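With the first letter of the sequence shown counted as 1, position 323 gets the number 460 in our numbering; the numbers rise by one all the way through. By construction, the Cβ of each residue, glycine as well, lies at the ideal position given by its N, Cα and C atoms. Please read these numbers as outputs of a predicted model, since none were measured by experiment. Heads up: the structure comes next, in structure tokens.
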Amino acid sequence: MLILAGALVFSLQPVEAISEPVNTMQVTATPQQTAVPKAAQQDINELPLVDNVALYANDDPSSIVTIYVTVRKGNASENTNHTWEEVNNATKFFFENLENVEVDKAEVIFQIGDETGPIRGEVGFGENLPNGTIQVRGNSASTRTVKSYKIELRDRTGGWRGQNTIALNKHYGDPTRIKNYLCFDLLQSVPDMTSLRTQFVHLYVKDETSDPPSEEFVDYGLFTQVEQPNRTFLRNHGLDPNGQLYKAVFFEFFRYPQEIRPVDDPQYELRAFETRLEVKGDQNHTKLISMLEAVNDPLIPIEQTFERYFNVDNYFTWMAFNILIGHTDTTSQNFYLYSPQNSEKWYFLPWDYDASLNVLFKERFGSVFPYQNWEKGVQTYWGVVLHNRVLKVDRYRQQLDEKIEEIRPLLTSEIINEKLAVYREVTAPFLNRTPDLFYSEEDRLEFAYQTIPREVDTNYQRYQQSLKEPMPFFLGTPEIVDGKIRFYWNTSYDFNAENITYQIQLSRDYEFNEVILEATTTNFPQVEFDNVLEPDTYFWRVIARNESGYQQFPFDNYMDDLNIRHNGLQVFYVYADGTLSPQ
């Protein structure tokens, strides 16, 4: 019997050709039987990423949900024995010390209602006992004066809208408070990606941990609730809840052997692991490690690694969408990695877009974190080993370009303007009264609404520009060798294979008004000077220029005493004994 294309085809020998008696099967077609076409069996490693779009059918961007939260002290064993003040003073942002710590929590009674109060039939109505916990959420966001929160509902609540984790985002840096909602709304129409359910929320909090306990709910203003990617999210979106799911914390696709270990490694520590990736799904990290080893092995062609471990359409869709909306903070964080069980493939999932669609706004109003020269287009991703290797391949850059052209018609200014008009009807009343009025400025708000629809075209132009310029690079650490001071850096890269000239400058000030040493070199990333430096503080930078005249600066930056970032340079110190040390 032969099986061809899903249909049964029987090959029967003539009876006279059979030398030995055999059992035969008589096949008689009946009028009720017809051959039907059947799809070919799918390879799990070739499956596209398909979202469950039915989840968004009842979304109403013109609505707002009122949430009431009563805060109480819990118990030490669950780390919930904290006051509301302690919860709000906690931070998840780490600098030199990357060891994860447990953030202070409190217990809460979570209730859904309207402006009058909790509603009968909704979650939490009539509750007298805590049905969840609350903590601040976000890394850098947890350092803000205005906090965002994560509420974990207990299983007995049955969840809210199929979710047990409720993320409430304040979006302090977004004067409109709508960018995150807008981007996830736009993503619903983008193929090869998932989106996240979002909802505008009006939050009231009653603090029973104060002295004396409060008897009133305090208005905390406008938030955006965003669906949390976890096992429940995977199940609801038609993905594999038993697969691997990681949230990037500080992750640039290096191997990280000290932190990323298999769970059966005697030195495995979850806290260390989660300084790179938070574990949200299955805890078998073997597949992740295999992918990272291949990505970081220069002897394995990147074409082989990329097409084995990543879904090409999903990868370029994720990158193209981020480039078009100017979401530059996606190099080491603000994304998830997902892989179904029994599959080698990894998929990028989106997260946190409140800092996107912001180029024109920053140009007008400035920022303590201004865009660096390389924060545009493909240059944004050049410092990540995976993206760096992929983007050096001509046909992959062509695929990215094709994906950008495919997505652009889904992000037109007309589409965005239409959505903004709906959101503004909801958010405007909150931004014109306390507490949100404290963090709202009318001129900035109006400018943001005027320019957001133009941001996609601006970012498209920046993408085109990024392909013409040399790629950014890292500076090394200056050193003294045989009476000379040596400066070195990584080589830049030019997509058109043009020669690159490096101009190195050494100055006593970070604005390079007092340049004391200067030199140029072509296609060679190193310069030496006679060591004539007196004890002092020095700043140095390298400017790379290709033959077409386009220039590029390093990834490095210097943070001054006022926490203002100065881009494209390093600082070092020369001491009285002639020794040198970096910042």
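- [ ] Evaluate the contact criterion for the region 663 to 681 versus the region 607 to 615: three or more CB pairs, one atom per stretch, below 8 Å.
- [x] Contact between the region 663 to 681 and the region 607 to 615 is present, because at least three Cβ pairs lie under 8 Å.
Open item on the list: What ranges does the alpha helix (DSSP H) occupy inside the region 390 to 447, keeping only unbroken runs of at least 4 residues that lie completely in it?
Closed with: If only complete runs of 4 or more residues are kept, the region 390 to 447 shows the alpha helix (DSSP H) at 407 to 410, 423 to 432, 439 to 446, in order along the chain.
- [ ] Alpha carbon to alpha carbon, how far is aspartate 180 from alanine 492? Give it in angstroms, no decimals.
- [x] Roughly 38 Å separates the two Cα atoms.
TODO: Could you pull out every residue in the same chain whose Cβ sits closer than 6 Å to the Cβ of glutamate 472, ignoring the five residues on either side in sequence?
DONE: Sequence check: residue 472 is phenylalanine here, not glutamate. Once the five neighbours on either side are set aside, the close Cβ partners of phenylalanine 472 are Ala385, Phe485, Trp488.
TODO: On the DSSP bridge assignment, give the partners of glutamate 364 in chain order.
DONE: The partner list for glutamate 364 (beta bridge, DSSP) reads Ile303.
Open item on the list: The beta strand (DSSP E) that contains lysine 384, what's its start and end?
Closed with: Start and end: 381 to 385.
- [ ] Run the CB neighbour count on phenylalanine 624, radius 10 Å, all protein chains shown included, and call it buried at 16 or more, exposed below.
- [x] A residue is called buried once 16 or more other Cβ atoms fall within 10 Å of its Cβ, and phenylalanine 624 is buried on that count.
- [ ] Under 7 Å Cβ to Cβ from valine 83, same chain only, skipping five residues before and after it: list those, please.
- [x] Nothing can be reported for residue 83, as the shown portion of the chain is limited to 138 through 720.
- [ ] Check whether the region 502 to 515 touches the region 375 to 390, taking contact to mean three or more Cβ pairs, one atom from each stretch, closer than 8 Å.
- [x] Below 8 Å, too few C-beta pairs join the region 502 to 515 and the region 375 to 390 to call them touching: fewer than three.
TODO: Would you mind stating whether glutamate 635 and serine 603 have Cβ atoms separated by less than 9 Å?
DONE: Cβ atoms of glutamate 635 and serine 603: not closer than 9 Å.
Task: Among Thr361, Asp311, Val338, the one whose alpha carbon lies nearest that of tyrosine 318 - done: Ranking the options by Cα distance to tyrosine 318, first place goes to Thr361.
Open item on the list: Using a 10 Å radius around the Cβ and a threshold of 16 neighbouring Cβ atoms, would you call proline 255 buried or exposed?
Closed with: So proline 255 counts as buried.
Open item on the list: Between Ile439, Arg408, Pro403, Pro399, which has its C-alpha nearest glutamine 420's C-alpha?
Closed with: Nearest neighbour of glutamine 420 by Cα position, chosen from Ile439, Arg408, Pro403, Pro399, turns out to be Pro399.
- [ ] Identify, in the order they occur along the chain, each residue of the same chain with its Cβ nearer than 8 Å to the Cβ of alanine 259, setting aside the five sequence neighbours on each side.
- [x] Here residue 259 is glutamate; the residue named in the question, alanine, does not match the sequence. For glutamate 259, where only same-chain residues beyond five positions count, the Cβ hits under 8 Å are Gln248, Ile249, Gly250.
Open item on the list: Helix, strand or coil for alanine 656? Go by DSSP, reduced to three states.
Closed with: In the structure shown, the three-state DSSP call for alanine 656 is strand.
Open item on the list: Checking the sheet assignment: what are the DSSP bridge partners for phenylalanine 666?
Closed with: Partner(s): Ile622.
Open item on the list: Checking 9 Å against the spacing of the C-beta atoms, do threonine 517 and threonine 468 come in under that value?
Closed with: Yes, they are a contact pair.
- [ ] Could you tell me the boundaries of the alpha helix (DSSP H) in which glutamate 562 lies?
- [x] Residue range 550 to 568 is occupied by the alpha helix (DSSP H) that includes glutamate 562.
Open item on the list: My assumption, with CB atoms under 8 Å, is that glutamate 655 sits in contact with isoleucine 637. Please give the rounded CB distance.
Closed with: That pair is no contact at about 17 Å.
TODO: Report the rounded CA-to-CA distance for threonine 659 versus serine 644, giving the unit in angstroms.
DONE: The alpha-carbon atoms of threonine 659 and serine 644 are separated by roughly 21 Å.
- [ ] Go through the region 164 to 247 residue by residue and report every complete run of the alpha helix (DSSP H) that reaches 4 residues or more, in order.
- [x] Here the runs fully enclosed are 221 to 226.
Open item on the list: According to DSSP, is glycine 724 part of a helix, a strand, or is it coil?
Closed with: Any property of residue 724 remains undetermined from this structure, which presents the chain solely from 138 to 720.
TODO: Report yes if the CB atom of glutamate 239 is closer than 9 Å to the CB atom of asparagine 216, and no otherwise.
DONE: The criterion of a C-beta distance shorter than 9 Å is satisfied by glutamate 239 and asparagine 216.
TODO: Could you check which residue in Asn448, Glu444, Val449, Asp402 has the C-alpha nearest to that of isoleucine 426?
DONE: Checking every option, the nearest Cα to that of isoleucine 426 belongs to Asp402.
Task: Under the three-state DSSP convention, the category tryptophan 455 falls into - done: The DSSP-derived three-state label of tryptophan 455 is helix.
TODO: With proline 590 as the anchor, note down where its alpha helix (DSSP H) starts and where it stops.
DONE: Taken as a continuous stretch (DSSP letters only), the alpha helix (DSSP H) holding proline 590 covers 579 to 603.
- [ ] Enumerate in chain order the residues of its own chain whose CB-to-CB distance from aspartate 356 is below 7 Å, with the five nearest sequence positions on each side excluded.
- [x] Around aspartate 356: Tyr341, Pro572.
Task: Three-pair Cβ contact test at 8 Å for the region 362 to 373 versus the region 289 to 302 - done: In short, these stretches touch, since the Cβ pair count reaches three.
TODO: Determine the closest residue to tyrosine 314 out of Leu359, Gln689, Glu264, with distance taken between C-alpha atoms.
DONE: Here residue 314 is arginine; the residue named in the question, tyrosine, does not match the sequence. For the residues Leu359, Gln689, Glu264, the minimum Cα distance to arginine 314 belongs to Leu359.
Task: Alpha carbon of threonine 465 to alpha carbon of valine 515, nearest angstrom - done: Their Cα atoms are separated by approximately 10 Å.
TODO: Mind checking which residues open and close the beta strand (DSSP E) that includes aspartate 673?
DONE: Counting along the chain, the beta strand (DSSP E) containing aspartate 673 begins and ends at 673 to 683.
TODO: Report all residues from its chain with a CB closer than 8 Å to the CB of leucine 721; omit the five preceding and five following residues, and keep chain order.
DONE: As displayed, the chain neither begins before 138 nor continues past 720, which places residue 721 out of reach and without an answer.
- [ ] Drop a sphere of 10 angstroms on the beta-carbon of lysine 175, count the other beta-carbons inside from all chains shown, and report buried for 16 or more, exposed for fewer.
- [x] With fewer than 16 Cβ atoms within 10 Å of its Cβ, lysine 175 is classed as exposed.
Open item on the list: Considering Cα atoms alone, identify which of Asn479, Gln470, Lys513 is closest to tyrosine 446.
Closed with: Checked all of Asn479, Gln470, Lys513; the closest Cα to tyrosine 446 is Asn479.
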